[in-house]
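Quick note on UniProt numbering: the sequence shown kicks off at 1 and runs consecutively.
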Amino acid sequence: MTYQLEGQRAIVTAGASGIGRAIVDAMLDCGMRVAVCDIDATALDSLPSAVFARKIDVSDEAALTGFVGEAMDHLGGLDCLVNNAGIAGPTARIENIDSADWRRTLDIVLTSQFLTVSTAVAALRKSENPSIINISSVAGRVGFALRTPYAAAKWGVIGLTKSLAIELGGDGIRVNAILPGLVAGDRQRRVLESKAQQRNISFSEVEAEAFRYTSIKEYVPPQAIASQVLYLASPLGRYVSGQAISICGDTQMLA
Numbered sequence: 001m002t003y004q005l006e007g008q009r010a011i012v013t014a015g016a017s018g019i020g021r022a023i024v025d026a027m028l029d030c031g032m033r034v035a036v037c038d039i040d041a042t043a044l045d046s047l048p049s050a051v052f053a054r055k056i057d058v059s060d061e062a063a064l065t066g067f068v069g070e071a072m073d074h075l076g077g078l079d080c081l082v083n084n085a086g087i088a089g090p091t092a093r094i095e096n097i098d099s100a101d102w103r104r105t106l107d108i109v110l111t112s113q114f115l116t117v118s119t120a121v122a123a124l125r126k127s128e129n130p131s132i133i134n135i136s137s138v139a140g141r142v143g144f145a146l147r148t149p150y151a152a153a154k155w156g157v158i159g160l161t162k163s164l165a166i167e168l169g170g171d172g173i174r175v176n177a178i179l180p181g182l183v184a185g186d187r188q189r190r191v192l193e194s195k196a197q198q199r200n201i202s203f204s205e206v207e208a209e210a211f212r213y214t215s216i217k218e219y220v221p222p223q224a225i226a227s228q229v230l231y232l233a234s235p236l237g238r239y240v241s242g243q244a245i246s247i248c249g250d251t252q253m254l255a
C-alpha cells in the first residue's frame, strides 16, 4: 500500500521509544518529515539525525507549546499531529491515590493534547491534508480497576477527539483516536508487574487474566498502531474522522 505521505510534516509527542518510536520510524519510511519531543534524552539520541528532536516534559505548558511552535517553524508548517505522550499513572485503590499523582496523570495524558492542538491548529488549517491522531487506550472504552487516573484521562481523550472532529471538520481537519490494547514492550510489562504486586499474585497470573478477556491472545506489536496512524494521516483516510479505533485484539475487559 502506498500512503502518499512523501514530504508531509508531522509532530509526534513521546516519539523516541515504544509506540511513538514505531510511529516515527513508519513515517520516516514513508518519506515524511518528523519532529519529536520526549522526556528520555537517551532515547532521543537514538533517533535518526533527520528528526527534529527536543527533550520536553509535556506537563510543562510553556515547554510543550514552545516545542510545538519551534517544530512547526523547522518543518515549515504542519500536516499531522500525533498526541502519543502518556504515563501509566498510579496503581492503587481510589482511596489510596494521591491527588498529585491524579493531576500529573491527567496533565500528561489529557491536558498535553489540549495544549498541542490549541497551539498547532492554525498551522493545520493551512495544510491540504490535515490530521490529528490522539492515542487513547482500550482503558478509555472499558475502564480499568486500580488504574482510575489513567482510565479517566483516556476516556477524556476520546471526548476531546470527538468534540474536535465536530469543531474542526469545517476546516477539513480530521481528528481520530486510536485505542491500543495490550501492546508488546517494557511499559506493558511494568504495568502488569505493578498490578501483580498490588494484588499479591504472580506476573503470569495477571498476564493470563488479562488475555482471558481478549479474543486474540497475544500482545499487539507497536507497528500495528503505527500502520493505523499512517492510514489516518494519509489521503486514504480523508473521510475518517471522529472515530475511536480499537487495536486491541477485541479486548472486552481489563482485569
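Cβ coordinates follow ideal geometry from the N, Cα and C atoms, glycine included. Source: prediction; values computed, not measured.
Beta bridge counterpart(s) of residue i as assigned by DSSP
{"i": "Phe52", "result": "Ala35"}
{"i": "Val10", "result": "The sequence shown places Ala at residue 10, not Val. Beta-bridge pairing links Ala10 to Val34, Cys80."}
{"i": "Val183", "result": "Val220"}
{"i": "Thr214", "result": "Thr251"}
Exposure label - residue i; buried when at least 16 CB within 10 Å
{"i": "Asp73", "result": "exposed"}
{"i": "Tyr219", "result": "buried"}
{"i": "Lys217", "result": "exposed"}
{"i": "Gly31", "result": "exposed"}
{"i": "Tyr3", "result": "buried"}
{"i": "Gly7", "result": "exposed"}
{"i": "Phe203", "result": "exposed"}
{"i": "Ile94", "result": "exposed"}
{"i": "Ser136", "result": "buried"}
{"i": "Gln228", "result": "buried"}
{"i": "Ala145", "result": "exposed"}
{"i": "Ile178", "result": "buried"}
{"i": "Ser99", "result": "exposed"}
{"i": "Asn176", "result": "buried"}
For residue i, the first and last residue of its enclosing beta strand (DSSP E)
{"i": "Ala244", "result": "244 to 247"}
{"i": "Leu179", "result": "174 to 180"}
{"i": "residue 338", "result": "In the structure as shown, the chain starts at 1 and stops at 255, and residue 338 therefore has no counterpart that could be examined."}
Contacting residues, own chain, Cβ-Cβ under 6 Å from residue i (five flanking each side not counted)
{"i": "Gly123", "result": "A small correction: the amino acid at residue 123 is Ala; Gly does not occupy that position in the sequence shown. Correct list, in chain order: Met72, Gly77, Leu78."}
{"i": "Ile173", "result": "Leu124, Pro130"}
{"i": "Val109", "result": "Gly86, Ala153"}
{"i": "Gly143", "result": "Ala151"}
{"i": "Gly20", "result": "Val12, Ala14, Asn84"}
{"i": "Asp171", "result": "Arg125"}
Own chain partners of residue i with C-beta closer than 8 Å, once the 5 adjacent residues on each side are dropped
{"i": "Gly69", "result": "Thr119"}
{"i": "Tyr213", "result": "Thr251, Gln252, Met253, Leu254, Ala255"}
{"i": "Arg190", "result": "Ala88"}
{"i": "Glu205", "result": "Ala196"}
Beta-carbon contacts of residue i that lie in its chain and below 7 Å, excluding the five residues immediately before and after
{"i": "Ala41", "result": "Lys55"}
{"i": "Gln113", "result": "Asn83, Asn134, Val157, Leu160"}
{"i": "Thr105", "result": "Ile87, Gly89, Pro149, Tyr150, Ala153"}
{"i": "Ala22", "result": "Pro222, Gln223, Ile225, Ala226"}
{"i": "Asp101", "result": "Gly89, Pro90, Pro149"}
{"i": "Pro235", "result": "Gln4, Asn129"}
{"i": "Glu61", "result": "Leu115"}
Residue interval of the alpha helix (DSSP H) (run including residue i)
{"i": "Pro222", "result": "222 to 233"}
{"i": "Ser163", "result": "148 to 168"}
{"i": "Ala122", "result": "112 to 124"}
{"i": "Leu28", "result": "18 to 29"}
{"i": "Gly143", "result": "Careful: Gly143 lies outside any alpha helix (DSSP H) and carries neither H nor E."}
{"i": "Arg103", "result": "99 to 106"}
{"i": "Leu44", "result": "41 to 45"}
{"i": "Val68", "result": "61 to 75"}
Any contact of the stretch 31 to 46 with the stretch 247 to 254, i.e. 3+ C-beta pairs under 8 Å?
no
Three or more C-beta pairs closer than 8 Å, one from the stretch 154 to 165 and one from the stretch 123 to 136: is that the case here?
yes
Answer yes if the stretch 220 to 238 comes into contact with the stretch 184 to 197, meaning at least three C-beta pairs across the two stretches below 8 Å, and no otherwise.
yes
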